[in-house]
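Colleague: Quick one: the structure is below, and I'll ask about it shortly.
In this note's numbering, the protein residues as written are -15 to 355.
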């Protein structure tokens, strides 16, 4: 009888490349040979191409970070769409997590209990964590992003926080140096929305105050370059944004392009654009989808709760938000709405909301990280 260890290397790789991502931990713990194989970059790309029928999505609920498997295969059935598969496959429970950020397969989580806030980096693929000590105490109002130097792949963390002078301060943490340092920069007000990581950099929705005409504000896209450790120039958005009447959210597409969702309360429409070119200094956009919001029932957007991702091939977007159970009750549920190019909506209940906090953060894992 042939033992697994006697099989040719190319056959072993072909078999293991088809293992679902939800089974990777069990497979990697089988033997050193297989564990080493999954650390090989070329094999990881091969595995990602053959096994990644499901997208791994991160969602927050009840101060827990949950890994969800989203399968959109078969969503087109001739003329109609069919219901997707969304299920929880794991969770990360390291205290009361209030915010989460993603980059290159890594999750940066901010925890907050009754005493203090802490910062931890989690690699779901390797099952490893690293706690990041602060230079000055963290606060739950701090904003963070995680990226890497494109010259040496050294990961870094950007922190935006307020001090007594009410100005935003910036500091950066270097994983190799294991230390924080202040970044001198011009005074820029960044809106209270999560930034998104793309190709090692982080893009923010920002508000720039013009000096020519006092009080005039213009909203733009702003990139923090982790290689140069500085912000790039303001980049234009494909719409005029008014924070009182509009809502806008950033996302990524296959970690190659940027996507932006814009909802106008005046027109009752949701528009989604995807970049055709994006780098720290330039951007161009192409319209992806538009759908009327009357078809999306009872969404109840709180501050920083909405998120989304798109599937270009299937021409759909998955929009995650909150639904109130009844207008006169505080009971709430998380809901995913599948939006098609013909305005089709398929709703998926993601479970009861247990606490009122930033609730949903959907990010897609394309290639596991070995950091």
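Built from N, CA and C at the ideal position, the CB exists for glycine as well.
Treat the numbers as computed from the prediction; the structure is a model and nothing was measured.
In the DSSP assignment, find the beta strand (DSSP E) that holds residue 91 and state where it starts and stops.
Modeller: Mapped onto the chain shown, residue 91 falls at position 107. Note, residue 91: beta strand (DSSP E), 90 to 96.
Colleague: Can you grab the Cα-Cα spacing for the pair residue 188 / residue -5, in whole Å?
Modeller: Along the chain shown, read from residue 1 onward, the residue named residue 188 stands at position 204. Along the chain shown, read from residue 1 onward, the residue named residue -5 stands at position 11. Spanning the two alpha carbons is a distance of roughly 45 Å.
Colleague: What residue range is occupied by the uninterrupted alpha helix (DSSP H) comprising residue 21?
Modeller: The residue given as residue 21 occupies position 37 in the chain shown. Per DSSP, residue 21 belongs to the alpha helix (DSSP H) from 16 to 21.
Colleague: What residue does the beta strand (DSSP E) around residue 259 start on, and which one ends it?
Modeller: Within the chain shown, numbered from 1, the residue matching residue 259 stands at position 275. Where residue 259 is concerned, the enclosing beta strand (DSSP E) stretches over 253 to 262.
Colleague: Buried or exposed for residue 163, please, with buried defined as at least 16 other CB atoms from any protein chain shown within 10 angstroms of its CB.
Modeller: Counted from its first residue, the chain shown places residue 163 at position 179. When all chains shown are included, residue 163 counts as exposed.
Colleague: According to the neighbour-count rule (16 or more other Cβ atoms, all chains shown, within 10 Å of its Cβ), is residue 301 buried or exposed?
Modeller: Taking the first residue of the chain shown as position 1, residue 301 is located at position 317. Counting Cβ neighbours within 10 Å, residue 301 comes out buried, since at least 16 surround it.
Colleague: Run through DSSP, which three-state label would residue -1 get?
Modeller: Translated into the one-based positions of the chain shown, residue -1 becomes position 15. Helix, per DSSP.
Colleague: Classify residue 26 as helix, strand or coil using the three-state DSSP reduction.
Modeller: Locating residue 26 in the chain shown gives position 42, where the first residue counts as 1. Reduced to three states, the DSSP call for residue 26 is helix.
Colleague: Over what stretch of residues does the beta strand (DSSP E) that includes residue 140 continue unbroken?
Modeller: The residue given as residue 140 occupies position 156 in the chain shown. Looking at the DSSP string, the run of the beta strand (DSSP E) that includes residue 140 is 139 to 146.
Colleague: Helix, strand or coil for residue -6, going by three-state DSSP, please let me know.
Modeller: Start at 1 with the first residue of the chain shown, and residue -6 comes out as number 10. Helix at residue -6.
Colleague: Quick check: residue 87 and residue 156, are their CB atoms within less than 8 Å of each other?
Modeller: Reading the chain shown from its first residue, position 103 is the one you call residue 87. Reading the chain shown from its first residue, position 172 is the one you call residue 156. Result no, Cβ atoms of residue 87 and residue 156 do not sit closer than 8 Å.
Colleague: Use the C-beta contact count for residue 295: other C-beta atoms within 10 angstroms, 16 or more gives buried, fewer gives exposed.
Modeller: Numbered from 1 along the chain shown, position 311 holds the residue referred to as residue 295. Burial call: buried.
Colleague: Pull up the distance between the alpha-carbon of residue 207 and that of residue 214, whole angstroms please.
Modeller: Along the chain shown, read from residue 1 onward, the residue named residue 207 stands at position 223. Along the chain shown, read from residue 1 onward, the residue named residue 214 stands at position 230. If I take the Cα positions, the gap works out to 8 Å.
Colleague: Which first and last residues belong to the beta strand (DSSP E) in which residue 155 is found?
Modeller: Within the chain shown, numbered from 1, the residue matching residue 155 stands at position 171. Run containing residue 155: 152 to 158, per the beta strand (DSSP E) assignment.
Colleague: At the level of alpha carbons, what is the spacing between residue 121 and residue 234?
Modeller: On the chain shown, position 137 is the one that residue 121 refers to. On the chain shown, position 250 is the one that residue 234 refers to. Rounded to the nearest whole angstrom, the CA to CA distance from residue 121 to residue 234 is 28 Å.
Colleague: Can you grab the Cα-Cα spacing for the pair residue 255 / residue -7, in whole Å?
Modeller: Looking up residue 255 in the chain shown gives position 271. Looking up residue -7 in the chain shown gives position 9. Their backbone Cα atoms lie some 48 Å apart in a straight line.
Colleague: Residues in its own chain within less than 7 Å of residue 77 by CB, not counting five upstream and five downstream?
Modeller: The residue labelled residue 77 in the question sits at position 93 within the chain shown. Scanning its chain for C-beta atoms nearer than 7 Å, with the 5 sequence neighbours on each side dropped, one finds around residue 77 the residues 48, in chain order.
Colleague: Could you tell me which residues DSSP pairs with residue 131 in its beta bridges?
Modeller: As a position in the chain shown, residue 131 is number 147, starting the count at 1. For residue 131, which the question treats as bridged, DSSP gives the partners 140.
Colleague: Under a three-way DSSP split, which group does residue 228 fall into?
Modeller: Translated into the one-based positions of the chain shown, residue 228 becomes position 244. Residue 228 sits in coil when the DSSP states are folded into three classes, being neither helix nor strand.
Colleague: Can you give the Cα-Cα distance for residue 154 and residue -2, rounded to whole angstroms?
Modeller: Residue mapping note: residue 154 aligns to position 170 of the chain shown, counting from 1. Residue mapping note: residue -2 aligns to position 14 of the chain shown, counting from 1. Residue 154 and residue -2: Cα-Cα distance of roughly 47 Å.
Colleague: Could you tell me the distance, in whole angstroms, from the CA atom of residue 242 to the CA atom of residue 292?
Modeller: One-based indexing of the chain shown puts residue 242 at position 258. One-based indexing of the chain shown puts residue 292 at position 308. Answer to the nearest angstrom: the Cα atoms are 12 Å apart.
Colleague: Can you give me the Cβ contacts of residue 225 inside the same chain, cut-off strictly under 6 Å, excluding the 5 residues immediately before and after it?
Modeller: Numbered from 1 along the chain shown, position 241 holds the residue referred to as residue 225. Here the set comprises 203 and 232.
Colleague: Given a cut-off of 8 Å, decide if residue 229 and residue 407 are closer than it, judged by their beta-carbon atoms.
Modeller: Only positions -15 to 355 of the chain appear in this structure, which leaves residue 407 out of reach.
Colleague: Does the beta carbon of residue 70 come closer than 8 Å to any beta carbon on chain D?
Modeller: Absence of chain D from the displayed structure is noted, only one protein chain being present.
Colleague: Is DSSP giving residue 266 helix, strand or coil here?
Modeller: Here residue 266 is taken as the residue at index 282 of the chain shown, counted from 1. Reduced to three states, the DSSP call for residue 266 is coil.
Colleague: So is residue 72 buried or exposed if we call it buried at 16+ other beta carbons inside 10 Å?
Modeller: To locate residue 72, count along the chain shown from 1; it is residue 88. It counts as exposed.
Colleague: According to DSSP, is residue 211 helix, strand or coil?
Modeller: Taking the chain shown and counting its residues from 1, one reaches residue 211 at position 227. It is coil, neither helix nor strand.
Colleague: Determine the burial state of residue 165: buried for a count of at least 16 other Cβ atoms within 10 Å of its Cβ, exposed for fewer.
Modeller: Counting from 1 along the chain shown, the entry for residue 165 is found at position 181. Result: exposed.
Colleague: In three-state DSSP terms, what is residue 120?
Modeller: Here residue 120 refers to the residue found at position 136 of the chain shown. It is coil, neither helix nor strand.
Colleague: Just confirm the distance between the C-beta atoms of residue 260 and residue 269, as a whole number of angstroms; I'd bet it's less than 8 Å.
Modeller: The residue given as residue 260 occupies position 276 in the chain shown. The residue given as residue 269 occupies position 285 in the chain shown. Sure, about 7 Å apart at Cβ, within 8 Å.
Colleague: Could you tell me the boundaries of the beta strand (DSSP E) in which residue 223 lies?
Modeller: Within the chain shown, residue 223 is the residue found at index 239, counting from 1. From DSSP, residue 223 is part of no beta strand (DSSP E); its letter is neither H nor E.
Colleague: Tell whether a beta-carbon distance below 8 Å holds between residue 330 and residue 299.
Modeller: For the purposes of this step, residue 330 is identified with residue 346 of the chain shown, where counting begins at 1. For the purposes of this step, residue 299 is identified with residue 315 of the chain shown, where counting begins at 1. Against a cut-off of 8 Å, the Cβ pair of residue 299 and residue 330 comes out as no contact.
Colleague: Which value, in whole angstroms, describes the spacing of the CA atoms of residue 74 and residue 50?
Modeller: Along the chain shown, read from residue 1 onward, the residue named residue 74 stands at position 90. Along the chain shown, read from residue 1 onward, the residue named residue 50 stands at position 66. Rounded to whole angstroms, residue 74 to residue 50 spans 6 Å at the Cα level.
Colleague: Would you kindly check if the distance between the Cβ of residue 79 and the Cβ of residue 97 is under 8 Å?
Modeller: Your numbering for residue 97 matches position 113 in the chain shown. Your numbering for residue 79 matches position 95 in the chain shown. At a Cβ-Cβ threshold of 8 Å, residue 97 and residue 79 count as neighbours.
Colleague: Report the three-state DSSP secondary structure of residue 236 (helix, strand or coil).
Modeller: One-based indexing of the chain shown puts residue 236 at position 252. Note: residue 236 maps to strand in three-state DSSP.
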